[in-house]
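Written below as structure tokens is the structure these notes are about.
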Amino acid sequence: MRMYVSVSYWSIYFRFAFRRSCGTVFEYLVFGIDGLVSAVAIPVFQAFPGE
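Residues 39 to 89 in the numbering used here are what the sequence shown spells out, letter by letter.
Written out as structure tokens, the structure is:
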């Protein structure tokens, strides 16, 4: 389930990023990093509640 949640967030971030056809390379990098952090942070926070 955790894997599914992280993958779902990953997909949402990247779809939103790549749909912005007028976006700059910087925006793509920011969205990509943001999506990667979310995919890693969400299962980590779920694994360690209260920290």
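Where a beta carbon is used, it is the ideal one built from N, C-alpha and C, also for glycine.
CA-to-CA distance, residue j to residue i, given in whole angstroms
{"i": "Phe52", "j": "Ala85", "result": "24 Å"}
{"i": "Pro81", "j": "Phe54", "result": "21 Å"}
{"i": "Ile50", "j": "Leu67", "result": "15 Å"}
Neighbour-count burial assignment, residue i, 16 or more Cβ in a 10 Å radius
{"i": "Ala77", "result": "buried"}
{"i": "Val75", "result": "exposed"}
Residue i vs residue j beta-carbon contact at 9 Å
{"i": "Tyr47", "j": "Gly73", "result": "yes"}
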